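In our numbering, the protein residues as written are 8 to 120.
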């Protein structure tokens, strides 16, 4: 009986405070882009607003320039939008994620245990 093994792994980008970007944070950024607010993005992910806000705050603090810009509430409520840096962060993460996945797949073919 032959057993086939494969490598599995998770990828994240560390910053000065620990995790800067990871899968969940990037999905949060994409949801902010789609919904135009942190609260709507959090609801879409079934995440508390406080948790989402803390993640955005962490990314903004660790980045050279903010990844998300927030606007305060008013008649129509507040909102949030990705900055150019936020868009770039998404691209960089998904590119590294693809490369990492390809590495794991290629290296898995060489596992002999």
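Just so you know, even glycine gets a beta-carbon here, dropped at the ideal spot from N, CA and C. These figures come from a predicted structure and were not determined experimentally.
1. Using only the alpha-carbon positions, how far apart do residue 47 and residue 111 sit?
2. Report the residue from 43, 28, 119 and 115 whose alpha carbon sits nearest the alpha carbon of residue 95.
3. Can you check DSSP and say which residues form a bridge with residue 22?
4. Rounded to whole angstroms, how far is the Cβ of residue 99 from the Cβ of residue 89, which I believe are closer than 8 angstroms?
5. Which full runs of the alpha helix (DSSP H) of 4+ residues lie inside the region 26–73, going along the chain?
In brief:
1. 34 angstroms
2. 28
3. 25
4. Incorrect: roughly 13 angstroms between the Cβ atoms, too far for contact.
5. 30–42, 45–51 and 56–69
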